[in-house]
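Quick note on numbering that gives the first Met the number 0: the sequence shown kicks off at 0 and runs consecutively.
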Amino acid sequence: MEKRYTRLNDVIKNNNLHGIILTDGYNIHYLTGYKGHTGVVLILEDDRYLLTDSRYTEQAEIEAPEFKVIDIALDGYSKTIRRILNEKYCNNINNAEKLRCGFEDKSISYSQYKAFRDNLEEIVELVELNDQIDKLRMVKSKEEILLIAEAEAIGDKAFEHILNTMEVGMTEKEVALELEYAMKSLGADRLSFDTIVASGKNSSMPHAVPTDKVIEDGDFVTMDFGCIYKGYCSDMTRTVYMGDEMTEKQLEVYTVVLNAQKEALKCIKPGMICSDIDKIARDYIASAGYGEYFGHGLGHGVGLYIHEEPRFSRTCDVVLEPGMVLSVEPGIYLPGEFGVRIEDLIVVTEDGYENLASSPKVLILM
Ligand code: ZN
Ligand code: ZN
Numbered sequence: 000m001e002k003r004y005t006r007l008n009d010v011i012k013n014n015n016l017h018g019i020i021l022t023d024g025y026n027i028h029y030l031t032g033y034k035g036h037t038g039v040v041l042i043l044e045d046d047r048y049l050l051t052d053s054r055y056t057e058q059a060e061i062e063a064p065e066f067k068v069i070d071i072a073l074d075g076y077s078k079t080i081r082r083i084l085n086e087k088y089c090n091n092i093n094n095a096e097k098l099r100c101g102f103e104d105k106s107i108s109y110s111q112y113k114a115f116r117d118n119l120e121e122i123v124e125l126v127e128l129n130d131q132i133d134k135l136r137m138v139k140s141k142e143e144i145l146l147i148a149e150a151e152a153i154g155d156k157a158f159e160h161i162l163n164t165m166e167v168g169m170t171e172k173e174v175a176l177e178l179e180y181a182m183k184s185l186g187a188d189r190l191s192f193d194t195i196v197a198s199g200k201n202s203s204m205p206h207a208v209p210t211d212k213v214i215e216d217g218d219f220v221t222m223d224f225g226c227i228y229k230g231y232c233s234d235m236t237r238t239v240y241m242g243d244e245m246t247e248k249q250l251e252v253y254t255v256v257l258n259a260q261k262e263a264l265k266c267i268k269p270g271m272i273c274s275d276i277d278k279i280a281r282d283y284i285a286s287a288g289y290g291e292y293f294g295h296g297l298g299h300g301v302g303l304y305i306h307e308e309p310r311f312s313r314t315c316d317v318v319l320e321p322g323m324v325l326s327v328e329p330g331i332y333l334p335g336e337f338g339v340r341i342e343d344l345i346v347v348t349e350d351g352y353e354n355l356a357s358s359p360k361v362l363i364l365m
């Protein structure tokens with residue numbers, strides 16, 4: 000935690016702030032230990048407050064011992080913050096100079112923002128922090144990486160299970176349920192996102208929802224799934240083929256996606272820029288003639304939340320550092336025909352990367 004507070008203090012210093020108001024549940028969890036997802040944190044120069052309601056005060060006191068837990072009772076968050084600031088800065092309150100407080104403009108609702116503005120504007124200047132707090136979570140500690148690896152290992156075992164159970168005649172929903180049951184049986188707390196199982200023509204939609212469609216001979220089946228283990232997410236995708244014989248085009252698309260991932264993986268190491276890694280896979284797919292069928296980014300950070308900073312995207316200029324955890328997931332989606340995506344989760348190491356997923360990627364014919 001101490002390292003996290005040091006980096007939080009840097010944000011306070013760099014933005015010339017008196018304090019920070021945190022509203023994002025994942026950032027609050029990261030910086031306090033409190034997992035309740037209902038609450039607001041106020042960080043001042045020498046005091047840290049966690050505001051929540053009576054349903055969560057006991058939990059908050061246990062999970063966030065370094066914070067003063069305050070029950071907002073009937074006052075609501077903004078009036079409670081105003082009261083704390085009034086008490087703490089009572090001597091300065093009549094001064095013309097307002098207190099500068101950073102806030103998370105990316106995750107706050109408009110009504111919550113209005114309440115802060117209306118109740119605090121006399122004494123506080125609200126300063127947009129954009130993604131500065133989210134970015135504190137980019138480099139994971141050893142403990143965090145172990146938990147993500149554990150979550151990904153649960154995914155690997157669930158995939159092994161599905162290879163033994165999936166067959167023609169099952170519906171996409173049944174396969175999704177089987178994956179989810181396996182992950183929970185293996186110790187997952189919950190899912191990190193809604194499981195995707197997309198077969199045949201449905202696989203051309205990158206984020207298809209499992210349907211009652213029956214899986215048929217000749218279908219590609221794309222399975223994108225993950226779980227949360229002790230707070231940390233996993234994420235993986237495998238595409239398998241139902242049947243013994245596939246068309247040349249199906250084989251070509253699978254091979255291009257797999258090679259695009261390999262090309263990108265080869266270049267992952269500290270110092271590389273995220274958008275360059277995205278470009279390597281994108282250029283490879285384009286050179287094979289499928290450029291227009293790979294629309295989404297190559298990958299995203301994974302941690303307490305399933306999609307976090309940084310991104311392997313066309314625009315992300317973050318430089319890779321050891322400890323960053325990202326997905327690498329190229330795909331080709333041919334509308335009305337089929338789609339293929341392959342996704343691993345990697346952690347950047349001192350001299351390259353380590354793949355946290357160990358499930359096979361060679362084309363599996365079921
Ligand atoms: Zn995924
Ligand atoms: Zn992903």
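Ideal Cβ placement from N, Cα and C applies to all residues, glycine included.
As the structure is a prediction and not an experimental result, all values here were calculated from the model.
Can you tell me which of the options puts its alpha carbon nearest to the alpha carbon of residue i?
i       : options                               : result
Asp-223 : His-299, Lys-212 and Phe-192          : Phe-192
Glu-262 : Tyr-55, Leu-178, Leu-344 and Val-327  : Val-327
Gly-330 : Gly-294, His-306, Glu-308 and Arg-116 : Gly-294
Leu-145 : Val-301, Leu-319, Val-318 and Glu-308 : Val-301
Asn-26  : Phe-102, Leu-43, Asn-85 and Glu-320   : Phe-102
Glu-44  : Tyr-231, Met-169, Leu-264 and Tyr-4   : Tyr-4
Met-0   : Leu-50, Leu-73, Tyr-33 and Ile-20     : Tyr-33
Val-339 : Ser-53, Ser-286, Leu-7 and Ala-207    : Ala-207
Ala-157 : Ile-345, Leu-185 and Ile-341          : Leu-185
Gly-199 : His-160, Gly-242 and Gly-230          : Gly-242
Arg-313 : Pro-209, Glu-342, Asp-275 and Tyr-231 : Asp-275
Ile-61  : His-28, Glu-151, Ala-148 and Met-323  : His-28
Ile-341 : Glu-353, Gly-225, Gln-260 and Val-347 : Gln-260
Ala-197 : Tyr-332, Lys-2 and Ile-20             : Tyr-332
Tyr-231 : Leu-325, Val-255 and Glu-159          : Leu-325
Phe-115 : Gly-154, Glu-57, Met-165 and Ile-19   : Ile-19
Thr-268 : Thr-348, Gly-225 and Leu-257          : A small fix is needed here, since residue 268 is Lys in this sequence, not Thr. The shortest C-alpha separation from Lys-268 is found at Thr-348.
Gly-217 : Asp-155, Asp-343, Ile-363 and Met-271 : Ile-363
Val-220 : Val-174, Ile-227 and Lys-229          : Val-174
Val-346 : Glu-177, Lys-360, Asp-74 and Pro-321  : Pro-321
Ala-287 : Asp-70, Asp-155 and Asn-258           : Asn-258
Val-167 : Glu-143, Tyr-240 and Gly-225          : Tyr-240
Thr-194 : Met-165, Ala-152 and Gly-225          : Gly-225
Thr-56  : Asp-70, Asp-46 and Pro-64             : Asp-70
Gln-131 : Asp-104, Ala-152, Asp-155 and Leu-176 : Asp-104
Ala-63  : Arg-47, His-160 and Arg-54            : Arg-47
Glu-353 : Val-317, Phe-311 and Leu-264          : Leu-264
Quick one: using the 10 Å Cβ neighbour count with 16 as the cut-off for buried, is residue i buried or exposed?
i       : result
Thr-238 : buried
Asn-118 : buried
Ala-181 : buried
Lys-248 : exposed
Ser-140 : exposed
Ser-110 : exposed
Ala-72  : exposed
Thr-236 : buried
Asp-419 : Lying outside 0 to 365, the shown extent of the chain, residue 419 is not represented and no answer is given.
Lys-87  : buried
Gly-335 : exposed
Leu-128 : buried
Asp-9   : exposed
Leu-7   : buried
Cys-89  : exposed
Ser-233 : buried
Thr-254 : exposed
Val-361 : exposed
Pro-373 : Beyond the ends of the chain as shown, which are 0 and 365, falls residue 373; an answer cannot be given.
Thr-31  : buried
Using the DSSP secondary-structure output, state which residues sit across from residue i in a beta bridge.
i       : result
Asp-223 : Ile-195 and Thr-236
Ser-326 : Leu-344
Arg-54  : According to DSSP, which records beta bridges pairwise, Arg-54 is partnered with nothing at all.
Asp-218 : According to DSSP, Asp-218 bridges with nothing at all.
Glu-244 : For Glu-244, which the question treats as bridged, DSSP gives no partner whatsoever.
Lys-67  : Tyr-48
Asn-354 : Ile-345
Cys-266 : DSSP output for Cys-266 lists no bridge partner at all.
Gly-18  : Leu-43 and Cys-100
Tell me, to the nearest whole angstrom, how far the beta carbon of residue i is from that of residue j; I am working on the premise that it is less than 8 angstroms.
i       : j       : result
Ala-285 : Leu-297 : The Cβ separation is near 13 angstroms, so there is no contact.
Ser-106 : Asp-52  : Their Cβ separation, rounded to whole angstroms, is 19 angstroms, which puts Ser-106 and Asp-52 out of contact at 8 angstroms.
Phe-66  : Leu-84  : That pair is no contact at about 16 angstroms.
Cys-273 : Cys-315 : 4 angstroms
Leu-344 : Met-271 : About 17 angstroms; that fails the 8 angstroms criterion.
Ala-150 : Ile-227 : 7 angstroms
Does the count of Cβ pairs from the region 182-190 and the region 209-218 closer than 8 angstroms reach three? no
With three or more C-beta pairs closer than 8 angstroms as the rule, is the region 128-142 touching the region 307-314? yes
Does the region 193-210 come close enough to the region 119-128 to have 3 or more Cβ pairs within less than 8 angstroms? no
With three or more beta-carbon pairs closer than 8 angstroms as the criterion, would you say the region 36-53 touches the region 69-79? yes
Would you check if there are 3 or more beta carbon pairs closer than 8 angstroms linking the region 12-31 to the region 280-298? no
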